[in-house]
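Heads up: the sequence shown begins at 1 in the working numbering, then just goes up one per residue. Every residue, glycine too, gets a C-beta built ideally from N, C-alpha and C.
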Amino acid sequence: MRDADVASRRGVLRTGLAILAGGMLATAARAQDADSKVEQSVVQYQNAPKDGQKCSGCANFIAPNACKVVSGAISPEGWCVAYAPKGS
Ligand code: SF4
């Protein structure tokens with residue numbers, strides 16, 4: 001086997017490993033995003049407003065039914081202890 005052939009195979013192997021590593025990092029990053037939100041039970045999330053406060057008026061609310069900091073489906077009529085009024 002020629003030196004050039006060995007070098008070429010090493011190059012292909014390195015490229016393949018780099019692509020594999022990149023894919024694994026992207027997958028880990030997506031998992032990290034999902035895990036970075038808090039479980040609803042941790043912040044005492046409820047599907048009803050509390051004392052006039054509700055998710056639709058919270059800076060963390062993402063219409064139509066998500067939250068920047070709390071995982072899962074979030075009702076615009078819900079509430080949790082992480083409530084932060086919009087514009088505050
Ligand atoms: S009240 Fe809680 S669950 Fe609702 S949007 Fe704000 S932080 Fe998210």
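A residue is called buried once 16 or more other Cβ atoms fall within 10 Å of its Cβ, and isoleucine 74 is buried on that count.
Residue pairing for glutamine 46: DSSP places it in a beta bridge opposite Trp79. The beta carbon of glycine 52 sits no closer than 7 Å to any heavy atom of the ligand SF4. Relative to the ligand SF4, alanine 48 has its C-beta separated by 7 Å or more from all heavy atoms. Note on geometry: alpha-carbon atoms of valine 42 and asparagine 65 lie some 18 Å from one another.
Residue environment: valine 70 is assigned as buried (16 or more neighbouring CB atoms within 10 Å of its CB, all protein chains considered).
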